[in-house]
Amino acid sequence: EAVIRADPDVILIVTMGIVGERERQAWSRFREMKAVREGRIYIVDSHRFCSPTPLSFVEAVSQLVKLFHGQG
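Going by my numbering, the residue at position 2 of the sequence shown is 5; the numbering climbs one at a time, nothing skipped.
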């Protein structure tokens with residue numbers, strides 16, 4: 004409920020495989036949220052984002068920039 008009230012511009016799902024796609028489908032039913040209406044629900048690699056090395060941190064930030072600016 005708090006996320007729906009916050010009406011985020013983007014939703015990031017940090018997980019792997021089919022679980023991530025199920026999460027995306029679950030969020031997709033909330034059409035009143037800007038992120039859903041604009042198709043800005045993204046699944047990102049949990050290894051890169053949750054256990055970063057110096058290199059993977061740079062890659063993770065680069066991926067976010069591309070996603071947030073329509074290049075991903």
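Quick reminder that beta carbons are idealized off the backbone N, C-alpha and C, glycines included.
- When DSSP states are grouped into helix, strand and coil, V13 belongs to the coil group.
- A direct Cα-Cα distance of roughly 21 Å separates P55 from V22.
- Rounded to whole angstroms, A38 and M19 show a C-alpha spacing of 20 Å.
- By the CB criterion at 8 Å, I7 and Y45 fall outside the cutoff.
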